[in-house]
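Chemist:
Numbering (the numbering used here), first residue to last: 53 to 566.
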């Protein structure tokens with residue numbers, strides 16, 4: 053269902069005092085999974101409408117290619133190297149990981165709880181008199197480091213887990229969000245909780261942080277939504293090939309998964325319902341809305357659910373598809389409908405941006421790496437700056453331990469397995485297919501030197517060689533990837549079979565009370 057939004061008129065001189073903040077974070081949602089960003093298969097009318105109602109950032113990045121580091125960076129305004137959460141919380145490290153995955157490197161340990169010594173976004177807003185609310189996925193530590201322990205007055209569904217335990221339809225497993233009636237949608241329930249909070253706080257400033265579990269695996273939807281997108285895929289040209297091997301694992305190269313499309317459709321509907329409530333309550337002119345994702349879309353590993361082409365790779369991978377995310381900000385009084393910005397920005401920038409927009413002056417205890425995007429929202433510019441990434445781990449999706457610097461149009465990737473660098477000119481080669489490190493030697497050397505200095509300055513942890521590594525493992529992994537590709541082709545073709553069904557209850561969405 054499409055929910056028309058109240059579009060802001062020509063921007064005024066300044067924001068209203070103490071505006072409300074609605075921060076919408078979608079899990080694993082790639083930039084090419086949005087209609088307004090070019091997807092012809094997924095339907096996202098409510099997100100598209102939001103993107104057109106404020107400023108659309110065409111080069112928005114997550115701070116990491118996987119979830120926990122990126123989520124911590126949003127709340128602290130820091131690079132993952134600084135706060136120490138460099139991988140998704142719960143993944144193994146060191147010798148144990150190397151034995152299980154047969155890796156060349158021993159990956160370093162990482163911080164397991166969002167640091168209590170730093171000031172979070174919620175704590176800063178709470179100190180400024182805001183009521184703070186969290187709904188959805190947390191994945192930033194165990195009990196004692198949950199949302200209510202890091203500045204949120206209310207927590208609906210945030211705990212240790214990184215995915216929807218028990219699935220997307222009730223009954224699910226979540227100590228902070230009891231299941232509703234059998235078959236209830238978790239995505240819609242999180243929207244309901246957010247709507248209820250907004251209704252109860254119309255007369256005081258609030259920070260509402262809605263972090264959907266969608267569209268993280270497991271990929272599930274209802275029978276009607278599957279049927280809708282199965283028919284849409286069947287009406288298009290047939291795809292005889294859906295996957296290709298990109299170095300380490302198969303990656304999806306087409307968008308035609310009707311299950312994933314249905315999951316997106318439900319999430320878009322939930323976004324529309326929350327935004328409509330903002331409009332219906334007359335809060336649109338006094339509410340800043342931010343919409344983004346924690347990392348790129350899943351093209352491999354996990355659920356192999358989507359394609360981010362022309363961007364290479366996806367979640368967990370070192371190329372643009374792993375960190376490019378949708379980013380839309382509607383700031384009444386600053387941005388007119390239909391504004392766009394092509395300045396590269398990062399997830400580390402939300403913290404200082406939202407504090408400035410709300411006039412919050414609470415001094416954070418920690419170093420803040422991000423910069424405020426308010427000048428961009430006003431139509432101005434930011435001083436040129438490089439952006440950095442450091443992921444010293446192996447992604448479940450085939451990513452390799454690497455560090456990255458982007459400066460202007462140039463992007464250098466350093467690989468820790470063998471120490472080589474790749475250099476790309478993103479303006480000319482957005483798909484990162486033409487490595488220029490051998491011809492642009494001076495530029496590559498300068499960027500590598502700058503990247504090394506940043507790694508040292510932020511105390512980055514570096515993976516070390518695995519003394520037990522056996523070269524024969526590489527061929528075993530290659531053969532396994534080829535077999536996996538063959539199985540994926542068969543499985544995904546079956547998703548479009550009119551008689552296909554996952555189980556008798558469509559992942560419990562058709563359950564009825566006993």
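Even for Gly, the Cβ is constructed at its ideal location relative to N, Cα and C.
Keep in mind the model is a prediction, meaning the values are calculated, not measured.
1) Between which two residues does the alpha helix (DSSP H) carrying residue 133 extend?
2) From the DSSP output, in three-state form, read off residue 71 for me.
3) Does DSSP classify residue 60 as helix, strand or coil?
4) At which residue ranges does the stretch 362-404 contain complete alpha helix (DSSP H) runs of 4 or more residues, listed in the order of the chain?
5) Over what stretch of residues does the alpha helix (DSSP H) that includes residue 328 continue unbroken?
6) At the level of alpha carbons, what is the spacing between residue 105 and residue 330?
7) Please classify residue 121 as buried or exposed, where buried requires at least 16 other C-beta atoms within 10 Å of its C-beta.
8) Ordered along the chain, which non-local residues of its own chain (more than five positions away) have a Cβ less than 7 angstroms from that of residue 200?
9) Going by other Cβ atoms of all chains shown within 10 Å of its Cβ, with 16 needed for buried, is residue 268 buried or exposed?
10) By the 10 Å Cβ neighbour count, where 16 or more other Cβ atoms means buried, how is residue 142 classified, buried or exposed?
11) Measuring straight from C-alpha to C-alpha, what distance separates residue 188 and residue 244?
12) Which residue comes first and which comes last in the alpha helix (DSSP H) that contains residue 498?
13) What beta strand (DSSP E) runs, 3 residues minimum, are completely inside the stretch 179-203?
14) Taking the DSSP output, what are the residues bridged to residue 258?
15) Going by DSSP, what residue range makes up the alpha helix (DSSP H) through residue 149?
16) Am I right that residue 210 and residue 190 are in contact with their C-beta atoms under 8 angstroms? What's the rounded C-beta distance?
17) Using the three-state DSSP reduction, which class does residue 210 fall into: helix, strand or coil?
18) Check for me: the beta strand (DSSP E) holding residue 477 runs from which residue to which?
19) Pull up the distance between the alpha-carbon of residue 236 and that of residue 321, whole angstroms please.
20) What's the gap between the Cα of residue 409 and the Cα of residue 441?
21) Three-state secondary structure (DSSP) at residue 122?
22) Please report the straight-line C-alpha distance between residue 75 and residue 343, rounded to a whole angstrom.
23) Does the Cβ of residue 60 have 16 or more other Cβ atoms within 10 Å, making it buried, or fewer, making it exposed?
24) Measuring straight from C-alpha to C-alpha, what distance separates residue 326 and residue 373?
25) Going by DSSP, what residue range makes up the beta strand (DSSP E) through residue 298?
26) Where do the N-terminal and C-terminal ends of the alpha helix (DSSP H) with residue 104 fall, by residue?
27) Can you tell me where the alpha helix (DSSP H) with residue 530 in it begins and where it stops?
28) What residue does the alpha helix (DSSP H) around residue 249 start on, and which one ends it?
29) Should residue 256 be labelled buried (16 or more other beta-carbon atoms within 10 Å of its own) or exposed?
30) Taking the alpha-carbon positions, what's the residue 553 to residue 98 distance?
31) Ends of the beta strand (DSSP E) at residue 439?
32) Kindly indicate which residue of 516, 492 and 526 has the alpha-carbon position closest to the one of residue 147.
33) Which partner residues does residue 465 have in the DSSP bridge list?
34) Closer than 7 angstroms by C-beta to residue 390: which residues in its own chain qualify, once you throw out the five before and the five after it? Chain order, please.
35) Return the chain-ordered list of same chain residues with a C-beta closer than 6 angstroms to the C-beta of residue 282, the five sequence neighbours on each side being excluded.
36) Verify whether the separation of the beta carbon atoms of residue 266 and residue 316 is less than 9 angstroms.
Modeler: Per the coordinate set shown:
1) The sequence position of residue 133 within the chain shown is 81, counting from 1. Its alpha helix (DSSP H) spans residues 132-135.
2) Counting from one through the chain shown, the residue named residue 71 turns up at place 19. When DSSP states are grouped into helix, strand and coil, residue 71 belongs to the coil group.
3) The residue given as residue 60 occupies position 8 in the chain shown. Low confidence applies here, because residue 60 scores a pLDDT of 47, under 50, leaving its location unreliable and the question unanswered by this model.
4) You should have 372-375.
5) In the chain shown, the residue the question calls residue 328 occupies position 276. Its alpha helix (DSSP H) spans residues 310-332.
6) One-based indexing of the chain shown puts residue 105 at position 53. One-based indexing of the chain shown puts residue 330 at position 278. About 14 angstroms.
7) The residue given as residue 121 occupies position 69 in the chain shown. Burial is judged here by how many other beta carbons sit within 10 angstroms of a residue's own beta carbon; residue 121 has at least 16 and is buried.
8) For the purposes of this step, residue 200 is taken as the residue at position 148 of the chain shown. These residues qualify, in order along the chain: 207.
9) Looking up residue 268 in the chain shown gives position 216. Looking at its Cβ environment, which holds 16 or more other Cβ atoms inside 10 Å, residue 268 is buried.
10) Translated into the one-based positions of the chain shown, residue 142 becomes position 90. With fewer than 16 Cβ atoms within 10 Å of its Cβ, residue 142 is classed as exposed.
11) In the chain shown, counting from the first residue as 1, residue 188 sits at position 136. In the chain shown, counting from the first residue as 1, residue 244 sits at position 192. Our two residues, residue 188 and residue 244, have alpha carbons roughly 11 angstroms apart in a direct line.
12) As a first step, residue 498 must be located in the chain shown, where it is residue number 446. Residues 493-509.
13) Taking 3 residues as the minimum length, the beta strand (DSSP E) runs contained wholly in the stretch 179-203 are 183-188, in order along the chain.
14) By 1-based counting over the chain shown, the position of residue 258 is 206. For residue 258, the beta-bridge partners assigned by DSSP are 183.
15) Position 97 of the chain shown, counting from 1, holds the residue named residue 149. Boundaries of the alpha helix (DSSP H) harbouring residue 149: 146-153, taken from the DSSP string.
16) For the purposes of this step, residue 210 is taken as residue 158 along the chain shown, with counting starting at 1. For the purposes of this step, residue 190 is taken as residue 138 along the chain shown, with counting starting at 1. Confirmed, Cβ separation roughly 3 angstroms.
17) Numbered from its first residue, the chain shown carries residue 210 at position 158. Residue 210 falls in the coil class under three-state DSSP.
18) By one-based count along the chain shown, residue 477 stands at place 425. Start and end: 473-477.
19) By one-based count along the chain shown, residue 236 stands at place 184. By one-based count along the chain shown, residue 321 stands at place 269. In this structure, the CA atom of residue 236 is about 15 angstroms from the CA atom of residue 321.
20) Stepping through the chain shown from its first residue, residue 409 is reached at position 357. Stepping through the chain shown from its first residue, residue 441 is reached at position 389. C-alpha separation (whole angstroms): 26 angstroms.
21) Locating residue 122 in the chain shown gives position 70, counting from the first residue. In the structure shown, the three-state DSSP call for residue 122 is helix.
22) Working through the chain shown from its first residue, we reach residue 75 at position 23. Working through the chain shown from its first residue, we reach residue 343 at position 291. Cα atoms of residue 75 and residue 343: separation of roughly 6 angstroms, rounded to the nearest angstrom.
23) Within the chain shown, the letter at position 8 stands for residue 60. Its pLDDT being 47, under 50, residue 60 is placed unreliably by the model, and nothing is read from it.
24) Indexing the chain shown from 1 puts residue 326 at position 274. Indexing the chain shown from 1 puts residue 373 at position 321. CA-to-CA, the gap between residue 326 and residue 373 works out to about 28 angstroms.
25) Locating residue 298 in the chain shown gives position 246, counting from the first residue. For residue 298, the enclosing beta strand (DSSP E) has its first and last residue at 295-298.
26) Your numbering for residue 104 matches position 52 in the chain shown. 97-105 is the span of the alpha helix (DSSP H), which, as asked, contains residue 104.
27) Against the chain shown, residue 530 aligns to sequence position 478. Counting along the chain, the alpha helix (DSSP H) containing residue 530 begins and ends at 524-546.
28) As a working mapping, residue 249 is identified with position 197 in the chain shown. 238-251 is the extent of the alpha helix (DSSP H) around residue 249.
29) To locate residue 256, count along the chain shown from 1; it is residue 204. If you draw a 10 Å sphere on the C-beta of residue 256, you find fewer than 16 other C-beta atoms in it, and that means exposed.
30) Along the chain shown, read from residue 1 onward, the residue named residue 553 stands at position 501. Along the chain shown, read from residue 1 onward, the residue named residue 98 stands at position 46. Whole-angstrom Cα-Cα distance: 28 angstroms.
31) Here the question's residue 439 lines up with position 387 in the chain shown. Element bounds for residue 439: 439-443.
32) Within the chain shown, the letter at position 95 stands for residue 147. Residue 516 is the option with its Cα nearest to residue 147.
33) Position 413 of the chain shown holds residue 465. Beta-bridge annotation (DSSP): residue 465 is paired with 456 and 474.
34) Counting from one through the chain shown, the residue named residue 390 turns up at place 338. Contacts found: 104.
35) The residue labelled residue 282 in the question sits at position 230 within the chain shown. 310 and 548, listed in sequence order.
36) Your numbering for residue 266 matches position 214 in the chain shown. Your numbering for residue 316 matches position 264 in the chain shown. Contact: yes.
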